[in-house]
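Residue numbers (the working numbering), protein chains in the order written: chain A, 1 to 113; chain B, 1001 to 1115.
Working notes for the structure below.
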């Protein structure tokens, strides 16, 4: 069964304290791994898509990496405005014609000034 | 561009009542999806559509119906609401063929409470 597990569930950081969020997945033929940011009361906002092991993408203080079993979202020198819930999702090989995504439960990040 | 627009934003229903949630996108996306989000459960797929006139069941379809009569609209119906359907509902859309940075575009959600 295709599955996505994110850890930790919640993370508290001081401003400037770098850390990483983990997304472990088991899927039959990975077509893509997606990272989203969700602010309270809003819909998820797309951040990155990764397709193959070894791939990396960056956006401001965020860097996403991918291996054959997991993905990491590295946050460098976070600021309070980075506080949000970060969602990981995968598209399995069997979903290539439907685009369906399987989501993890998310990691809620709080960055204190 | 408005992106993905969901209406209504909030609704309270009594058990047994019916309602329709509307999702409209102006990006000419082929694929559209309805998800529900519950605490500790993540986003779960209810129904989806790969094109006008087509729909299919997702992970948790029971108690819901959908229609996609026009490419830009995807409707989610609850025929007889139950308290277990209390949730936040998100609509999303995407292109059939995305580029290297493609992803879903989500609406802002509908918060539904069934009492």
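All C-beta atoms, glycine included, are put in the ideal place defined by N, C-alpha and C.
These figures come from a predicted structure and were not determined experimentally.
Listed in chain order, the non-local C-beta contacts of residue 1038(B) below 6 angstroms within the same chain comprise 1087, local neighbours out to five positions each way being set aside.
The segment 1014-1031 of chain B makes contact with the segment 1072-1081 of chain B, as at least three CB pairs between them are under 8 angstroms.
Exclusion of the five residues before and after residue 5(A) leaves 24, 104 as the residues of its chain whose Cβ lies within less than 7 angstroms of its Cβ. Taking a Cβ-Cβ threshold of 7 angstroms, none of the residues of chain A is close to residue 1068(B); the smallest such distance is about 14 angstroms. Residues of the same chain with a CB within less than 8 angstroms of the CB of residue 1106(B), apart from the 5 flanking positions on each side, are 1004, 1090, 1091, 1092 in chain order.
In the DSSP annotation of this structure, the continuous segment of the beta strand (DSSP E) that includes residue 56(A) starts and ends at 56-59.
The criterion of a C-beta distance shorter than 8 angstroms is not satisfied by residue 68(A) and residue 1108(B). When Cβ-Cβ separations below 8 angstroms define contact, residue 101(A) makes contact with chain B.
The closest CA to that of residue 89(A), considering only 1045(B), 1069(B), 1096(B), 1068(B), is found on 1045(B). For residue 106(A), the closest Cβ of chain B is nearer than 8 angstroms.
Rounded to the nearest angstrom, the Cβ distance from residue 100(A) to residue 14(A) is 38 angstroms, too far for a contact under 8 angstroms.
Around the C-beta of residue 1069(B), fewer than 16 other C-beta atoms lie within 10 Å, and the residue is accordingly described as exposed. Under the DSSP assignment, residue 1047(B) falls in the beta strand (DSSP E) whose first and last residues are 1042-1049. Per the C-alpha coordinates, the member of 78(A), 109(A), 73(A) positioned closest to residue 50(A) is 73(A). The three-state secondary structure of residue 16(A), taken from DSSP, is coil.
Against residue 1060(B), chain A offers no close residue; the least beta-carbon distance is about 13 angstroms (beta-carbon pairs closer than 7 angstroms).
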